[in-house]
Amino acid sequence: MIRTERKYIEILRILKEHREPMGAKRLSELMAERGFVLSDRAVQYYLRYLDEMGFTEKVGNLGRILTPYGMTETESALVGERIGFIISKLERLAFRSTFDPVTQTGDVAYNLSLVPEERLDTALAAFDEVVRAGCGFFSSYRVIDDDPRIPEGSAGIMTVCSITMDGVFQGRGIPVKMAFGGRLAIEHGEPIQFVDLIGYRGTTIDPLQLFISAGLTSVGEMVSTGTGIALANVREVPAAAEKKVRETIAQMRKSGFIFPVTMGISPFNLPSDPYRLSIVSYSGMNFVAAVVEKGIPIRTEIGAGNIAFSKIVQSG
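Per our numbering, residue 811 is the first one in the sequence shown, and the count goes up by one each step.
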């Protein structure tokens, strides 16, 4: 079994998240972002140990990747470590989101999806259907091909991550909690109720990615007929902040954001709390679900980073 020292776990976690070969210098930078200040030489020491254990291997001069054995052992060893990791990552991105809906400037959080170049047009057609149906989180996206994270033969699609909303709320002094990800039943264009909900704070995988990979969405059917299963997030804010929340949402809508589906003390079949307001919003992962439903291979990193708002709206 892998040694459980936290530094080893973080290195393995980074390699698992990014998948491409990574050298000691880049690993050192990413470790520092997570609170572990290590020199390049120290990281090299840890990597040599992981090589010896068979968890990592060198890819020429490009750096290290996880071996199949390392991937299996890492997933097993990190289950306990990963509890709550998804929400922690998103909260970090929310803190770094400086977007101001009044000036339409600042940084937003984004998701990065990769699709085969030869299927890009079909994938974008699916994205456009979601935009027209109003069941995404943002009304635009950006196609990129000059990013080192995009492998040869693939194209990248950048979309605004909904955690940007949390950053905007926090910047205005509104406490907000990402509570659930769920499958929302739609009938004749009207949201009816949640079919499933998964809490963000006790899971090792993003709930919406789980629903997509399990084939539990029908976004394509919904955008064409008005009836189907879409993905939505539930956030909670103090009920006393309702006026400020509504003002903020109105400003964000003017910038191209599409939400909320609804908000209230107990919308749909959500648990009731007289002191908390639930905000239900469609997820940008509906883009991904629509593509998957068409049989197009797509790989998405949720919360891939932060970027200037002006760069995300340049194309779409």
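Ideal placement from N, C-alpha and C gives every residue a C-beta, glycine not left out. Quantities reported herein were computed from a predicted structural model and do not represent experimental measurements.
Beta-carbon proximity of residue i to residue j, cut-off 8 Å
| i | j | result |
| --- | --- | --- |
| residue 1003 | residue 1096 | no |
| residue 1098 | residue 1089 | no |
| residue 993 | residue 978 | no |
| residue 1036 | residue 996 | yes |
| residue 985 | residue 1048 | yes |
| residue 970 | residue 1061 | no |
| residue 896 | residue 1022 | no |
| residue 975 | residue 1010 | no |
| residue 922 | residue 1040 | no |
| residue 1068 | residue 949 | yes |
| residue 1029 | residue 1100 | yes |
| residue 882 | residue 867 | no |
| residue 1001 | residue 1072 | yes |
| residue 837 | residue 853 | yes |
| residue 973 | residue 903 | yes |
As assigned by DSSP and simplified to three states, the class of residue i
| i | result |
| --- | --- |
| residue 878 | helix |
| residue 973 | helix |
| residue 1072 | strand |
| residue 997 | strand |
| residue 957 | coil |
| residue 1047 | strand |
| residue 1121 | helix |
| residue 937 | helix |
| residue 982 | coil |
| residue 905 | helix |
| residue 912 | coil |
| residue 1082 | coil |
| residue 811 | Confidence is the limiting factor: at residue 811 the pLDDT is only 37, short of 50, which leaves the residue's position unreliable and the question unanswerable from this model. |
| residue 1112 | strand |
| residue 849 | coil |
| residue 967 | strand |
| residue 872 | coil |
| residue 896 | helix |
Residues near residue i by beta carbon distance below 7 Å, same chain, minus five either side
| i | result |
| --- | --- |
| residue 1118 | 917 |
| residue 927 | 963, 964, 965 |
| residue 1077 | 1088, 1090 |
| residue 1125 | With a pLDDT of only 48 at residue 1125, under 50, the local geometry of the prediction cannot be trusted, and no value is derived from it. |
| residue 843 | none |
| residue 998 | 1036, 1037 |
| residue 1063 | none |
Residue nearest to residue i in terms of C-alpha spacing, selected from the options
| i | options | result |
| --- | --- | --- |
| residue 944 | 1108, 1121, 1093, 824 | 1093 |
| residue 860 | 820, 909, 1072 | 820 |
| residue 869 | 1011, 971, 825 | 825 |
| residue 1105 | 932, 1065, 1087, 1039 | 932 |
| residue 885 | 1054, 874, 865 | 865 |
| residue 1075 | 1069, 1087, 1068 | 1087 |
| residue 937 | 914, 967, 955, 1116 | 967 |
| residue 924 | 1116, 961, 942 | 961 |
| residue 875 | 827, 851, 905, 1058 | 827 |
| residue 863 | 871, 879, 872, 853 | 879 |
| residue 899 | 1054, 833, 840 | 840 |
| residue 947 | 929, 920, 883, 904 | 920 |
| residue 983 | 1058, 829, 1103 | 1058 |
| residue 1065 | 981, 1053, 915 | 915 |
| residue 831 | 1102, 1013, 959 | 959 |
N-terminal and C-terminal residue of the alpha helix (DSSP H) that residue i is part of
| i | result |
| --- | --- |
| residue 1054 | 1052-1064 |
| residue 951 | First-last for residue 951: undefined, no H or E at that position. |
| residue 1023 | 1017-1023 |
| residue 843 | 834-843 |
| residue 820 | 816-828 |
Span of the beta strand (DSSP E), counted from its first residue to its last, around residue i
| i | result |
| --- | --- |
| residue 1009 | 1000-1009 |
| residue 863 | Careful: residue 863 lies outside any beta strand (DSSP E) and carries neither H nor E. |
| residue 1092 | 1086-1092 |
| residue 1096 | It is not in any beta strand (DSSP E) - residue 1096 instead sits in the alpha helix (DSSP H) that spans 1095-1103. |
| residue 1034 | Premise fails: residue 1034 lies in the alpha helix (DSSP H), 1029-1035, not in any beta strand (DSSP E). |
| residue 923 | 917-926 |
Cβ neighbours of residue i in the same chain (closer than 6 Å, five flanking residues each side left out)
| i | result |
| --- | --- |
| residue 1017 | 991, 1008 |
| residue 811 | Residue confidence is low: residue 811 scores 37 on pLDDT, short of 50, so the model does not pin down where it sits. No coordinate-derived value is stated. |
| residue 833 | 873 |
Close Cβ partners of residue i (< 8 Å) along its chain, the five nearest in sequence each way excluded
| i | result |
| --- | --- |
| residue 770 | Summary: the structure shown does not reach residue 770, with the chain confined to residues 811 through 1126, and so no result is reported for it. |
| residue 1033 | 939, 940, 942, 943, 945, 1100 |
| residue 1070 | 1059, 1089, 1090, 1091 |
| residue 816 | 846 |
| residue 1055 | 979, 984, 1047, 1073, 1087, 1089 |
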